[in-house]
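Student:
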Amino acid sequence: MANSRSSTAAKRRPIRLLDEFSVNRIAAGEVIERPAAAVKEIVENSIDAEASQIDIEFSNGGKSLIRVADNGIGIDPSELPLAIARHATSKIDGSDLLDIDTFGFRGEALPSMGAAGRLTVTSRRQGANSAFSIKVDGGTVSPAKPAALLTGTIVELERLFHATPARLKFLRSDGAETKAIVAAVKSLAMAHPRIAFSLSEIAPGGKPRTVFKVTAESGEPNSAVLERLRKLVGKDFTENSVVVDSQRDGIRLFGYSSLPTFARGAATQQHLFVNQRPVRDKLLHGALRAAYMDVLPKGRFPVAALFLECPPHLVDVNVHPAKTEVRFRDPQLVRSLIVSGIRRALANEGHRTSSTISSAMSGSFRRGGNYKNDLDFRSDRYHLYESREPQARGDGTDRPPSLPGDFPFGDTQDAPDECLPPNAFLGAARAQLHGNYIIAQTTTGIALVDQHAAHERLTYEELKRQFSQRAVEAQALLIPEIVDLVEPERSRLLDSAEALEPLGLVIEPFGIGAVAVQAVPAILGEANCKDLVQEIVDELEDGRPNSVVEKRINEILSRMACHGSVRSGRKMSGAEMNALLRKMEETPNSGQCNHGRPTYITLSLKDIEKLFNRR
Ligand code: ADP
Ligand code: MG
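Numbered according to our numbering, the sequence shown terminates at residue 727, and the numbering increases by one at each position without gaps.
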């Protein structure tokens, strides 16, 4: 290898300027690395041309054909040769690259396409009485000539990359390229709710198949955005999300972010936009992750569609040829706006859990006869219900017994409904099942609560609150608990002892191979010190300095909370259960435990009636 390089160097040629065709082919490599990128560039031109309707067609994953028709302002025939020339643009004059309000500005998309494939631009300038068309094929331009077109512009790109066979080899399968095109057009359509979009795939036989189609949204701006997202990302997403709307120092964050219980296994469903530009940006995705750090375990990712709007001079969009990365003047401000905006929105609605969970649950109930299903009312797990003597109904109807009064077990006497506070959406506790599940009657149905998960979240939120006020109450142990620890864990823990003190945990050395726990956070009650210490040691990664402990506090608090929580299996009285429900109602994020699992699910009477074929 070294040999072939040096022999090339030996044949060094004189320095010269590359011809325009070569320059365009090189640029094409960056600007349109795949068909989806070409689609994005062409559609952005239509948006810049103020189109209100954009129709996109493609074949073979965009490799054989991409065609975009718009009803925008069009191009004057005298300017057609310029439109396809390099570094020619109508959008900026070059004087201020930090004040760009169009999507294009580099003037290299069309020439790049003309160098890599066969490009035809047909356009009729608004108000003109005829249309013209110009063609570039592998860099060779044919002069503009009259064409038939009623309005706007049609850009057609055929046989992309046939002039650059090396690039052709790098393309993925038609299916994969199609996926990328759909994703790119959907992103653009999300960001422009006032524009109608259609995307169709033309099958080999020539028959078009509509991939999606959306009409222009009317109505006020916010609801137009939300409505467009509902159509494009889905009702499941919008119904299981919170609306984020935050503002700081002239920057605004708006959109939907999912409830933690609606998370995914990958970060693929995170649509982020800066001034209506779809971006894949480390800073923004990192901020999104940070916003959910507290409520999602590692490996779970929120679904989100979020729009950041800021004055153009606060963001540099000219850092990437395909304009998918941006640079902010004040990255820290942007990050904290995202983190705090999402957290606030989640905290405000933190008691909600994903509705898909209860619909999945009602879907898993089987009516009568299916003994294999765990959740079957007739399975033997529910024998208490089943084995009761059938009730003689005095009212002569076949209505089922009302759940609360007839439930066969549970201490329900100390929670009469009239004592419930007005916002008690988790209702009155009626029973505890299998030592961990509380069944409560709500005004509209029932709630099923996982008492361990719920208690864990409550303890965690309380610990966080106390910690933020530097007031985690420590409970000194009468007899210090001696915990055996091997090296290097022992020294690692002792190195962090100082940082752990504000958390209510007092740890001292105790000879070789052990530490003494002198105090634990009071809220944890009789926590098992040994396990707690061991888990905290696991949290403290190798060789990390003390300051890191501070950063990992939330994780440590979360571990602690898990320890202090009511373990499943503990019997609770009616009063205890109701106290837990009331506390959940007023605690932020109480809809999910620290691991992102739901703490409760609700089932409406309507759902229950459906299960029994009453609806
Ligand atoms: P840029 O968008 O960066 O200006 P392009 O190569 O994408 O560069 O386009 C060159 C020029 O062609 C644009 O500046 C614009 O004037 C014109 N143009 C391209 N597409 C359209 C369109 N669909 N409608 C009207 N004008 C267009
Ligand atoms: Mg452009």
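Even glycine gets a Cβ: it sits at the ideal position worked out from N, Cα and C.
(1) Can you tell which of S158, F419, G318, A227 has the C-alpha that lies nearest to the C-alpha of V337?
(2) Could you give the distance in angstroms between the alpha-carbon of I635 and the alpha-carbon of D562?
(3) Going along the chain, which residues of its own chain have a beta-carbon closer than 7 angstroms to the beta-carbon of A565, five neighbours each way excluded?
(4) Check whether the Cβ atoms of E421 and R364 lie closer than 7 angstroms to each other.
(5) What is the C-beta distance between R455 and A417, in whole angstroms, given that I count them as a contact (C-beta under 8 angstroms)?
(6) State the Cα-Cα distance for the pair G318 and F170, rounded to the nearest angstrom.
(7) Name the residue from V627, R694, I594 whose alpha carbon lies nearest to the alpha carbon of S608.
(8) Could you check the C-alpha separation between S603 and R342 for me, to the nearest Å?
(9) Any idea what DSSP makes of T232, helix, strand or coil?
(10) What number of angstroms, rounded off, separates the C-alpha of G173 from the C-alpha of I266?
(11) Can you give me the C-alpha to C-alpha distance between H567 and L692, rounded to a whole angstrom?
(12) Give the range of the beta strand (DSSP E) segment to which A559 is assigned.
(13) Could you tell me how far apart the beta carbons of D719 and G616 are, in whole angstroms, since I believe they sit closer than 8 angstroms?
(14) With distances taken from each beta carbon to the nearest heavy atom of the ligand MG, which residues come in below 6 angstroms, in chain order?
(15) Which residue comes first and which comes last in the beta strand (DSSP E) that contains H383?
(16) Quick one: measure Cβ to Cβ for L272 and G229, integer angstroms, because I've assumed they're closer than 8 angstroms.
(17) With distances taken between CB atoms, is the gap from T232 to K247 smaller than 7 angstroms?
(18) Taking the beta carbon of N535 as the centre, do at least 16 other beta carbons fall within 10 Å, making it buried, or is it exposed?
(19) To the nearest angstrom, how far is the alpha carbon of A108 from that of A301?
(20) Just to confirm my understanding: we take D357, look at its own chain, exclude 5 residues before and 5 after, and list those with CB closer than 7 angstroms. What are they?
(21) For Q388, which of E437, N352, P372 has the nearest alpha-carbon?
(22) Out of D286, S452, Q581, M696, state which residue places its alpha-carbon closest to the alpha-carbon of P316.
(23) The ligand ADP and I138: does any heavy atom of the ligand fall closer than 6 angstroms to the residue's C-beta?
(24) So is K298 buried or exposed if we call it buried at 16+ other beta carbons inside 10 Å?
(25) Might you give, ordered along the chain, the residues of its own chain that have their beta carbon closer than 6 angstroms to the beta carbon of N430, omitting 5 neighbours on each side?
(26) Helix, strand or coil for Y712? Go by DSSP, reduced to three states.
(27) Tell me whether P255 sits in a helix, a strand or coil according to DSSP, three-state version.
(28) Can you round the beta-carbon distance between A245 and K257 to whole angstroms, since I take them to be within the 8 angstroms contact cut?
(29) Our contact map puts P92 next to L400 with C-beta atoms below 8 angstroms; I'd like the distance itself, whole angstroms only.
(30) Since S310 sits in a beta bridge, which residues does DSSP pair it with?
(31) Output the distance between the C-alpha atoms of G377 and A559, rounded to the nearest integer angstrom.
(32) With DSSP collapsed to three states, give me the class of F217.
(33) Does the ligand ADP have a heavy atom nearer than 6 angstroms to the CB of I212?
(34) At a threshold of 6 angstroms, does I166 count as lining the ligand ADP (C-beta to nearest heavy atom)?
(35) With DSSP as the reference, label P320 as helix, strand or coil.
(36) Please report the residue range of the alpha helix (DSSP H) in which T350 lies.
Tutor: Put simply:
(1) Of the listed residues, the one whose Cα sits closest to V337 is F419.
(2) C-alpha separation (whole angstroms): 20 angstroms.
(3) So the list reads C705, R709, T711, once near-sequence residues are dropped.
(4) Yes, they are a contact pair.
(5) Your pair R455 and A417 does not check out as a contact, with CB atoms roughly 17 angstroms apart and the cut at 8 angstroms.
(6) Approximately 11 angstroms, taken between the alpha carbons.
(7) Minimum Cα-Cα distance from S608 among the listed residues V627, R694, I594 corresponds to V627.
(8) Cα-Cα distance, rounded: 53 angstroms.
(9) When secondary structure is reduced to three states using DSSP, T232 falls in the strand class.
(10) Straight-line Cα distance between these residues: approximately 19 angstroms.
(11) Rounded to whole angstroms, H567 to L692 spans 7 angstroms at the Cα level.
(12) Run containing A559: 557 to 562, per the beta strand (DSSP E) assignment.
(13) With 8 angstroms as the limit, D719 and G616 do not qualify as a contact, their Cβ atoms being about 43 angstroms apart.
(14) That gives E153, E156, N157, G216, A221.
(15) Per DSSP, the continuous beta strand (DSSP E) segment holding H383 begins and ends at 382 to 386.
(16) So it is a contact: roughly 4 angstroms between Cβ atoms.
(17) Result yes, Cβ atoms of T232 and K247 sit closer than 7 angstroms.
(18) A residue is called buried when at least 16 other Cβ atoms come within 10 angstroms of its Cβ; N535 does not meet this threshold and is exposed.
(19) Outside the shown range of the chain, which is 113 to 727, sits residue 108, and nothing can be said about it.
(20) A distance below 7 angstroms between beta-carbons, with the five flanking residues on each side excluded, links D357 to the following residues of its chain, in chain order: F366.
(21) Of the listed residues, the one whose Cα sits closest to Q388 is E437.
(22) Ranking the options by Cα distance to P316, first place goes to D286.
(23) No, the Cβ of I138 stays beyond 6 angstroms of every heavy atom of the ligand ADP.
(24) Per the 10 Å Cβ criterion, buried.
(25) Excluding positions up to five away in sequence, the list reads L209.
(26) Strand at Y712.
(27) Correct three-state label for P255: strand.
(28) The question names Ala, yet the displayed sequence has Ser at residue 245. In this structure S245 touches K257 by the C-beta definition: roughly 6 angstroms separates them, less than 8 angstroms.
(29) The chain is shown from 113 up to 727; residue 92 falls before or after that span and cannot be answered.
(30) Looking at the DSSP assignment, S310 forms a beta bridge with D167, K325.
(31) Straight through space, the alpha carbons of A559 and G377 are spaced by roughly 27 angstroms.
(32) DSSP, reduced to helix, strand and coil, places F217 outside both helices and strands of the structure shown, so it counts as coil.
(33) No, the Cβ of I212 stays beyond 6 angstroms of every heavy atom of the ligand ADP.
(34) No, the Cβ of I166 stays beyond 6 angstroms of every heavy atom of the ligand ADP.
(35) If DSSP states are grouped into helix, strand and coil, P320 belongs with the strands.
(36) That run of the alpha helix (DSSP H) goes 347 to 351.
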